[in-house]
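**Student:** Got a structure here, written out as structure tokens. Questions coming.
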Amino acid sequence: MEDRSENKVIENKKQDQEPNKEHSPDVLPKKRTRVNKRERKEIKKQQNIKEGKIDQNKPPKPQEIQYDPILKEMITLPNIKEETNGITIMTYNLLAQSLCKRELFPNCGNALKWKNRRPRLIKEIFHHSPDIGCFQEMDDINYNDTFKPKFDESGYDTLFFKGDKRHGCCIAWKKSKFIKIKELTLDFDKFGVPTMKTNCIGIIIALNILNDGKENKGIVIGTTHLYWRPQSMYERTRQCLILYQNLLKLKKEFKFPAFLAGDFNSTPKDPIYHLMVNKSSLNEQQISILQNSMRSFEKESNGGNDTISEKEEILSSMITPKDNDDEITIEQSSSKSFNVIVKPQSSQNLSSPLLKPQLESLSDLLSNFENLPKCLSLYGQNYHLIDSENIEHSEPKITNYGIYFKGTLDYIFFVLDQNDDHVQIGKDDDQSKIKKNYNIKVTKLLKLPREEEFGSSSLPNYKFNSDHVCLMVEVVGIE
């Protein structure tokens with residue numbers, strides 16, 4: 360039988376030999392309670408004061424002033440006299456918290472923290488209370504913990520989808536107005552031949568309008584966050600084509616009007632925007648941009664690896680040109696945005712048999728796009744009617760206000776019919792054609808901030824909750 364008394368004596372001797380760590384003034388206690396954390400912090404502070412590491416005469420750091428977020432209002436377009444009760448559609452890139460890095464948001468202070476952004480984003484979204492909301496850069500953890508419970512509580516249904524990233528896209532719709540009849544979730548890397556792994560996705564849904572058993576009416580709507588890398592014009596265009604083709608399939612199946620809303624990571628001067636809204640072909644420079652971006656940027660990219668964030672890659676790709684980036688470089692313009700500068704390939708390279716499949720692929724891409732119906736940008740066609748001084752290339756000047764880019768990347772598009780001759784961008788459209796052909800009319804737009812309202816530093820701050828601003832339109836004639 361084991362002699363327990365002997366074991367007890369040995370144990371007591373060991374305890375006598377060990378210093379009493381719990382009561383030693385030089386050793387911080389191990390127990391991690393809130394009280395003990397405060398005690399350890401105070402002990403450390405007193406030690407630093409004693410050693411002269413802290414200047415007690417230094418004035419305390421000023422507290423950040425937490426302003427209420429700026430909430431813009433919907434503005435009724437001119438010549439809309441009747442009271443409208445249409446359908447409102449919002450698009451909003453929320454800025455995924457998983458992408459927030461201090462080196463990319465150096466002036467944002469505590470406004471960058473999720474505990475501060477969360478209630479403000481919720482307040483902003485439900486202040487506008489869109490009938491349909493399209494959201495990008497929504498963290499999956501925040502969808503489950505914050506957004507879905509709040510949408511459920513407020514009478515919305517939701518569809519969330521992501522690739523291998525920690526964030527994805529979400530569409531929310533009011534259950535009192537719509538019922539979902541079909542959904543499509545698209546992983547762009549699984550369609551065709553991507554230039555590299557991007558983990559970018561799209562969502563499309565068909566909604567029936569609840570109208571007391573009247574004629575079957577509804578809406579098809581899609582959202583996406585296209586690949587971000589500035590050089591990857593071709594990959595972005597390829598992804599947009601996949602999304603658009605699938606949207607048109609649902610439009611044809613249900614014969615509903617169709618909309619696309621999201622962050623296209625493309626300015627109004629980029630090939631994607633031209634292909635979406637203009638019947639004319641791309642010019643030589645736009646084709647050259649696409650042609651020279653038909654390659655993988657995997658060496659400069661982490662693909663779907665979240666250990667290095669997309670935002671960090673943006674920083675490195677924009678500031679330091681890559682050694683193997685001899686065809687495409689980035690230059691900073693006077694507006695503090697970045698333009699893609701393409702160095703044309705020599706004629707010898709253009710005739711190289713190695714490049715022939717790529718050139719044929721580009722030809723197919725452009726041919727497919729040009730054979731599809733075009734879109735109207737609802738802000739591009741109408742925003743000048745409510746804020747003519749805040750316009751650039753027919754669109755609002757800024758939807759994304761970051762430290763390295765300031766410009767427009769977000770849009771709400773309405774899909775025209777195949778054979779419709781629509782007005783090209785830059786020409787006025789009083790909507791008579793849209794109303795005549797579709798019985799649909801834009802009645803209100805959410806007014807967007809002007810550049811001076813954003814402040815001197817990048818977003819987010821206590822007035823604006825993301826590095827993007829939300830867009831919202833009201834349309835009548837669908838219901």
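In the numbering used here, the protein residues as written are 360 to 838. We treat Cβ as the ideally placed atom computed from N, Cα and C, and that holds for glycine.
(1) Asp826 by DSSP, collapsed to three states: which one?
(2) State the start and end residues of the unbroken alpha helix (DSSP H) segment that holds Met635.
(3) Per DSSP, what are the beta-bridge partners of Ser640 in this structure?
(4) If you draw a straight line from the alpha carbon of Gln598 to that of Ser591, how long is it in whole angstroms?
(5) Should Leu471 be labelled buried (16 or more other beta-carbon atoms within 10 Å of its own) or exposed?
(6) How big is the Cα-Cα spacing for Val920 and Lys614?
(7) Alpha carbons only, please: which of Ile413, Asn452, Pro465, Lys521 is nearest the one belonging to Leu830?
(8) Measuring CA to CA, which of Pro627, Pro630, Leu724, Ile578 is closest to Phe618?
(9) Roughly how many whole angstroms lie between the Cα atoms of Ser747 and Lys396?
(10) Using the rule of at least 16 other Cβ atoms within 10 Å of the residue's Cβ for burial, across every protein chain shown, is Val828 buried or exposed?
(11) Count the C-beta pairs between the region 766-773 and the region 401-408 that are closer than 8 Å, then say yes if the count reaches three, no if not.
(12) Using the Cβ count rule (16 or more neighbours within 10 Å means buried), how would you classify Gln740?
(13) Return yes when the Cβ of Asn749 is within less than 9 Å of the Cβ of Leu804, no when it is not.
(14) When the distance is taken between beta carbons, is Asp490 closer than 9 Å to Ile448?
(15) His584 bridges to which residues according to DSSP?
(16) Taking 9 Å as the cut-off, decide whether the C-beta atoms of Met433 and Glu812 are in contact.
(17) Would you give the residue range spanned by the alpha helix (DSSP H) that Ile563 belongs to?
(18) Starting from Phe494, follow its DSSP beta bridges and name the residues at the other end.
(19) Quick check on DSSP: helix, strand or coil for Gly468?
(20) Report all residues from its chain with a CB closer than 7 Å to the CB of Arg654; omit the five preceding and five following residues, and keep chain order.
(21) For Lys409, does the count of other Cβ atoms within 10 angstroms reach 16, so buried, or fall short, so exposed?
(22) Find out if the Cβ-Cβ distance for the pair Gly522, Asp546 is shorter than 9 Å.
(23) What does DSSP give as the partner residue(s) for Pro755 in the beta ladder?
(24) Give me the residue from Pro465, Arg809, Asn730, Ile799 with the minimum Cα distance to Leu839.
(25) DSSP three-state call for Gly739: helix, strand or coil?
(26) Between the Cα of Ile849 and the Cα atoms of Phe550, Phe823, Asn575, Tyr586, which residue gives the shortest distance?
(27) Pick helix, strand or coil for Asp523, following the three-state DSSP scheme.
(28) Give every residue of the same chain whose Cβ lies closer than 6 Å to the Cβ of Gly761, excluding the five residues on either side of it in the sequence, and list them in chain order.
(29) Let's see if you can read the secondary structure: which residues bound the beta strand (DSSP E) around Glu849?
(30) Would you call Val552 buried or exposed, if buried means 16 or more other Cβ atoms sit within 10 Å of its Cβ?
(31) Leaving out five residues on either side along the sequence, give the residues of the same chain with a beta carbon under 6 Å from the beta carbon of Asn558.
(32) Would Pro428 and Asn759 qualify as a contact pair, given that the criterion is a beta-carbon distance under 9 Å?
(33) For the beta strand (DSSP E) that contains Tyr770, what are its first and last residues?
(34) Cys459 by DSSP, collapsed to three states: which one?
(35) Could you give the DSSP three-state label for Pro485: helix, strand or coil?
(36) Which residue from Arg461, Glu462, Asp504 puts its Cα closest to that of Pro478?
**Tutor:** According to the structure data:
(1) Taking the first residue of the sequence shown as position 1, residue 826 is located at position 467. If DSSP states are grouped into helix, strand and coil, Asp826 belongs with coil.
(2) For the purposes of this step, residue 635 is identified with residue 276 of the sequence shown, where counting begins at 1. Taken as a continuous stretch (DSSP letters only), the alpha helix (DSSP H) holding Met635 covers 630-636.
(3) As a working mapping, residue 640 is identified with position 281 in the sequence shown. Ser640 pairs with nothing; no bridge assigned.
(4) Along the sequence shown, one-based indexing puts residue 598 at 239. Along the sequence shown, one-based indexing puts residue 591 at 232. Going from the Cα of Gln598 to the Cα of Ser591 covers about 11 Å.
(5) Taking the sequence shown and counting its residues from 1, one reaches residue 471 at position 112. By the 10 Å Cβ count, Leu471 comes out buried.
(6) Absent from the structure is residue 920, since the part of the chain shown begins at 360 and ends at 838.
(7) Here residue 830 refers to the residue found at position 471 when the sequence shown is read from its first residue. Here the closest residue by C-alpha is Asn452.
(8) In the sequence shown, the residue the question calls residue 618 occupies position 259. Of Pro627, Pro630, Leu724, Ile578, the residue nearest in Cα terms is Ile578.
(9) Here the question's residue 747 lines up with position 388 in the sequence shown. Here the question's residue 396 lines up with position 37 in the sequence shown. When rounded, the distance between both Cα atoms is 56 Å.
(10) Translated into the one-based positions of the sequence shown, residue 828 becomes position 469. So Val828 counts as buried.
(11) no
(12) Translated into the one-based positions of the sequence shown, residue 740 becomes position 381. Burial call: buried.
(13) Position 445 of the sequence shown, counted from the start, is the residue given in the question as residue 804. Position 390 of the sequence shown, counted from the start, is the residue given in the question as residue 749. No, the Cβ-Cβ distance between Leu804 and Asn749 is not below 9 Å.
(14) Position 89 of the sequence shown, counting from 1, holds the residue named residue 448. Position 131 of the sequence shown, counting from 1, holds the residue named residue 490. Going by C-beta atoms, Ile448 is nearer than 9 Å to Asp490.
(15) Walking along the sequence shown from the start, residue 584 turns up at place 225. Answer is Asp622.
(16) Reading the sequence shown from its first residue, position 74 is the one you call residue 433. Reading the sequence shown from its first residue, position 453 is the one you call residue 812. It is not a contact, given that the beta carbons lie outside the stated cut-off.
(17) For the purposes of this step, residue 563 is taken as residue 204 along the sequence shown, with counting starting at 1. Taken as a continuous stretch (DSSP letters only), Ile563 belongs to no alpha helix (DSSP H), being part of the beta strand (DSSP E) at 560-568.
(18) Start at 1 with the first residue of the sequence shown, and residue 494 comes out as number 135. The partner list for Phe494 (beta bridge, DSSP) reads Tyr451, Cys529.
(19) The count along the sequence shown starts at 1 and reaches residue 468 at position 109. Three-state result, Gly468: helix.
(20) As a working note, residue 654 is residue 295 in the sequence shown. Answer for Arg654: Thr554, listed in chain order.
(21) Translated into the one-based positions of the sequence shown, residue 409 becomes position 50. Exposed is the call here.
(22) Along the sequence shown, read from residue 1 onward, the residue named residue 522 stands at position 163. Along the sequence shown, read from residue 1 onward, the residue named residue 546 stands at position 187. Yes, they are a contact pair.
(23) Numbered from 1 along the sequence shown, position 396 holds the residue referred to as residue 755. Pro755 pairs with Ile750.
(24) What the structure shows of the chain is the stretch from 360 to 838, and residue 839 is not part of that stretch, so it cannot be assessed.
(25) For the purposes of this step, residue 739 is identified with residue 380 of the sequence shown, where counting begins at 1. Gly739 falls in the helix class under three-state DSSP.
(26) No answer is possible for residue 849: it lies beyond the span of the chain, which begins at 360 and ends at 838.
(27) In the sequence shown, the residue the question calls residue 523 occupies position 164. It is coil, neither helix nor strand.
(28) As a first step, residue 761 is located in the sequence shown; it is residue number 402 there, counting from the start. Counting only Cβ-Cβ distances below 6 Å, and skipping sequence neighbours, we find Ser817, Asp826.
(29) An answer regarding residue 849 cannot be provided, because it is not within the stretch 360 to 838 covered by the chain.
(30) For the purposes of this step, residue 552 is taken as residue 193 along the sequence shown, with counting starting at 1. Result: exposed.
(31) Within the sequence shown, the letter at position 199 stands for residue 558. So the list reads Gly522, Asp523, Lys524, Gly663, once near-sequence residues are dropped.
(32) For the purposes of this step, residue 428 is taken as residue 69 along the sequence shown, with counting starting at 1. For the purposes of this step, residue 759 is taken as residue 400 along the sequence shown, with counting starting at 1. It is not a contact, given that the beta carbons lie outside the stated cut-off.
(33) Against the sequence shown, residue 770 aligns to sequence position 411. First-last of the beta strand (DSSP E) with Tyr770: 769-774.
(34) Sequence index remark: in the sequence shown, residue 459 carries index 100 (1-based). Reduced to three states, the DSSP call for Cys459 is coil.
(35) In the sequence shown, the residue the question calls residue 485 occupies position 126. The residue you asked about is not Pro; residue 485 is Phe in the sequence shown. In the structure shown, Phe485 sits in a helix (DSSP, three-state: H, G or I).
(36) For the purposes of this step, residue 478 is taken as residue 119 along the sequence shown, with counting starting at 1. Out of Arg461, Glu462, Asp504, Asp504 has the C-alpha closest to the C-alpha of Pro478.
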